[in-house]
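Engineer: Supplied in structure tokens, the structure appears directly below.
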Amino acid sequence: MIIFGKPIGRDKHLDSYIKITGLHFARGHRAIFNGANLNIPRGKVTAIMGPSGIGKTTLLRLIGGQIKPDSGEILLDGKDVTKFKRKALFEARKKMGMLFQSGALFSDLSVYENVAFPLRAHTKLPEDMIRDIVLMKLHAVGLRGARALMPSELSGGMTRRVALARTIALDPELILYDEPFAGQDPIAMGVLVQLIRLLNDALGLTSVLVSHDITESLSICDHAIIIADGKVIGDGSPAELRRSESPLVRQFLNGLPDGPVPFHFPANDYQSDLLG
Amino acid sequence: MIDFIIKIGRSGLDYSAAFGRSGLFFLHSFFGLALSLKGLKLLIHQLYKVGVLSLVIIVVSGLFIGMVLALQGYSILVDYGSEQAVGQMVALTLVRELGPVVTALLFAGRAGSALTAEIGLMKATEQLSSMEMMGVDPLRRVIAPRLWAGFISMPLLALVFSAVGVFGGLLVGVDWLGVYEGSFWSNMQSSVDFKEDVVNGIIKSVVFGVVCSWIAVFQGYDSEPTSEGISIATTKTVVYSSLSILGLDFLLTAVMFG
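Line order of the protein sequences matches chains D and F.
Numbering follows the numbering used here, in which position 268 of the first sequence is assigned residue number 268; successive positions increment by one, without gaps.
So the mapping is simple: the numbering used here equals the position in the second sequence, first residue as 1, plus 276.
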């Protein structure tokens, strides 16, 4: 479901909530992004997929300004994140939320206090109003009854749902999901899939999820981007990607063990290696 | 040979970079404490964790060290017929040296390592990153209260250590070995100078407090976010803090009493 159409008369690049141009980023001598360009449309769920270790989480951290690229531009709602000073960056982050793979709940705070944390940090709301907001957010993820529990008492799926409630506590414009389905049982995965879609549509968010769970990601996203070799190799709707002729896209979407991404790590000839 | 030189150069650059990072980190955290009710609450909570919970080890160690000092001092002084000076010896040793130094060493082992492990684990479990992404600066919210709690706690703990140590000396010297109590206190009063001895001891413990807390929080914040990384960082905290305390103690003693 698309609830945000193309705004009339708006500058064309603003149709993208995030616009990345010429992104270069390396860890040591290893290039992670090598001139990547991508657009993330406003008001939609965008899935960023790719093989493990390709830099998907790094991309989220670059968008969130936690790390700086070597070169390139990352426009967030028209403003370049890479040029933000520390204070401006923290201000910009109030409008975005990130769901970490581990949930990253504060282990010394209860579920209730975890969700109340951003509200207490950024607002001067009275305590009874904070309570109402926290309960509403927890209700949205189905965990209003778990408010008194500590993070150590939660299952993996519940941890992520509480983290999601905390992420939406300040009603952000953008939510970044880092591998939301990794290590989840089918029920927890189904709940998360539904929540991501529902929250995006109900709150009018822009959602970006990085994942290598193809089926789940393609089932909820409006737009998908596949990254490999530091570049975007596939970009479009799930249906368009499924029709792609690119061998790399096909290997990834069909989960083939060998192809353009080889099964074997580069090595010397097998026979000569064995014979010494 | 070239490889060896490269290695030395690289580790030199790494250490310089880490030192630069730790300097910036210190400045951000030092001036980052929120001057509000929220900031005060966080500081009090950390003062409890860092200071109050260290009291048991400080009091017990202070008592035993005071008792040992009195015992050792008496056995030496009695040969010269000066056993009445045992109170003076215990007090000066504690206030000038052992109070600040042993408190700092115990602080590094008890509170410093705990701070490093806590912050390192917060980093490994992405709690610091999630805080950043919520627009909350972890240097202000997590690091600054812990750093300031260390600064404030250390001199107070050192004072408690010295006071309890004097009491331990009294127990052994007066109650056990039979030194006249009037001489014990009067010798102490006449020889311990507030400015020369007590204030200098406090200055030492303030310096140790800054160094120990800085090392502890920086090692935690800069640790590799793995179990091995946290273990290395915790070890570094204890080793670097202990060496810094002993080295700085020599320098400060040379300046103050040399």
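We treat Cβ as the ideally placed atom computed from N, Cα and C, and that holds for glycine.
Whole angstroms are fine: how far does the CA of D:His223 sit from the CA of D:Met1?
Structural biologist: For D:Met1, the pLDDT reaches just 37, beneath the cut-off of 50, and the residue's location in the model is therefore unreliable, leaving the point undetermined.
Engineer: Is the segment 154 to 166 of chain D touching the segment 76 to 96 of chain D in the sense that three or more CB pairs, one from each, lie closer than 8 angstroms?
Structural biologist: no
Engineer: When the distance is taken between beta carbons, is D:Tyr177 closer than 8 angstroms to D:Leu99?
Structural biologist: yes
Engineer: From D:Arg27 to D:Gly35, what distance separates their C-alpha atoms?
Structural biologist: 15 angstroms
Engineer: Can F:Phe238 and F:Gly342 be called in contact, C-beta distance under 8 angstroms?
Structural biologist: Residue 238 of chain F lies beyond the range of chain F shown here (277 to 534); nothing can be said about it.
Engineer: Just how far apart, CA to CA, sit F:Leu423 and F:Met532?
Structural biologist: 26 angstroms
Engineer: Between D:Val115 and D:Ala169, how many whole angstroms is the CB-CB distance? I'm expecting something under 8 angstroms.
Structural biologist: 6 angstroms
Engineer: In chain order, which continuous runs of the alpha helix (DSSP H) of length 4 or greater are located wholly inside the segment 57 to 133 of chain D?
Structural biologist: 86 to 93, 111 to 122
Engineer: Is it the case that the Cβ atoms of F:Gly426 and F:Gly485 are separated by a distance below 8 angstroms?
Structural biologist: yes
Engineer: Between D:Ala104 and chain F, is any beta-carbon pair separated by less than 8 angstroms?
Structural biologist: yes
Engineer: Compile a chain-ordered list of the residues in the segment 400 to 411 of chain F whose CB is closer than 7 angstroms to at least one CB of chain D.
Structural biologist: Thr401, Glu402, Gln403, Ser405, Ser406, Glu408, Met409, Met410, Gly411
Engineer: Is the beta carbon of F:Gly375 less than 8 angstroms from the beta carbon of F:Ser438?
Structural biologist: yes
Engineer: When you compare each of D:Lys95, D:Lys56, D:Pro257 to D:Leu76 by their alpha carbons, which one comes out closest?
Structural biologist: D:Lys95
Engineer: Just to confirm my understanding: we take D:Lys12, look at its own chain, exclude 5 residues before and 5 after, and list those with CB closer than 7 angstroms. What are they?
Structural biologist: Reliability fails at D:Lys12, whose pLDDT of 42 lies under 50, so the model's placement of it is uncertain and the value that follows must be treated cautiously. Answer for D:Lys12: no residue qualifies.
Engineer: Please state if the CB of F:Val362 and the CB of F:Lys445 are separated by a distance shorter than 8 angstroms.
Structural biologist: One point to set straight first is that residue 445 of chain F is Gly, not Lys, in the sequence displayed. The answer is yes: Cβ separation under 8 angstroms.
Engineer: I want to see whether chain F comes within less than 8 angstroms of D:Phe100, judged by CB atoms only; does it?
Structural biologist: yes
Engineer: By the criterion of Cβ-Cβ separation under 7 angstroms, what are the contact partners of F:Asp413 in chain D?
Structural biologist: Phe90
Engineer: Give a yes or no on whether the minimum CB-CB distance between D:Ala121 and chain F is below 8 angstroms.
Structural biologist: yes
Engineer: The alpha helix (DSSP H) with D:Tyr177 in it runs from where to where?
Structural biologist: No alpha helix (DSSP H) holds D:Tyr177; the beta strand (DSSP E) holding it covers 174 to 178.
Engineer: In whole angstroms, give me the CA-to-CA distance for D:Pro118 and F:Leu300.
Structural biologist: If you take the alpha carbons of D:Pro118 and F:Leu300, they lie about 26 angstroms apart.
Engineer: By the DSSP assignment, the alpha helix (DSSP H) with F:Tyr516 in it spans what residues?
Structural biologist: 503 to 533
Engineer: Residues of chain F with CB closer than 8 angstroms to the CB of D:Arg27, please, in chain order.
Structural biologist: The premise fails here: D:Arg27 is roughly 14 angstroms from chain F at the closest Cβ pair, so nothing lies under 8 angstroms.
Engineer: Listing by chain order, which chain F residues have their CB less than 9 angstroms from the CB of D:Arg93?
Structural biologist: Glu408, Met409, Met410, Gly411, Val412
Engineer: Mind checking who D:His24 pairs with in its DSSP beta bridge?
Structural biologist: Its beta-bridge partners are D:Asn34, D:Ser71.
Engineer: In the DSSP assignment, find the alpha helix (DSSP H) that holds F:Ile341 and state where it starts and stops.
Structural biologist: 331 to 353
Engineer: What are the start and end residues of the alpha helix (DSSP H) that includes D:Leu248?
Structural biologist: 247 to 254
Engineer: With DSSP as the reference, identify every bridge partner of F:Pro421, one or two as the case may be.
Structural biologist: Partner(s): none; F:Pro421 has no beta bridge.
Engineer: Is DSSP giving D:Lys137 helix, strand or coil here?
Structural biologist: In the structure shown, D:Lys137 sits in a helix (DSSP, three-state: H, G or I).
Engineer: Starting from F:Met407, follow the alpha helix (DSSP H) in both directions and report where the run begins and ends.
Structural biologist: 403 to 409
Engineer: For D:Gln184, which residues in chain F fall below 7 angstroms Cβ to Cβ?
Structural biologist: Those within 7 angstroms of D:Gln184 in chain F number zero; the least Cβ separation is about 17 angstroms.
Engineer: Relative to the C-alpha of F:Val514, which candidate in F:Gly296, F:Val493, F:Thr529 has its C-alpha closest?
Structural biologist: Per the Cα distances, F:Val493.
Engineer: Let me check understanding here. Comparing Cα to Cα, which of D:Thr46, D:Thr206, D:Lys137 lies closest to D:Asn113?
Structural biologist: Checking the sequence shown, residue 113 of chain D turns out to be Glu, not Asn. Per the Cα distances, D:Lys137.
Engineer: Return helix, strand or coil for D:Asn268, following the three-state DSSP convention.
Structural biologist: coil
Engineer: List, in chain order, every chain F residue whose beta-carbon is nearer than 9 angstroms to that of D:Gln66.
Structural biologist: Here the neighbours are Ser405, Glu408, Met409.
Engineer: Assign D:Met49 to one of three DSSP states: helix, strand, or coil.
Structural biologist: Three-state result, D:Met49: strand.
Engineer: Buried or exposed for F:Trp452, going by 16 or more other Cβ atoms inside 10 Å?
Structural biologist: exposed
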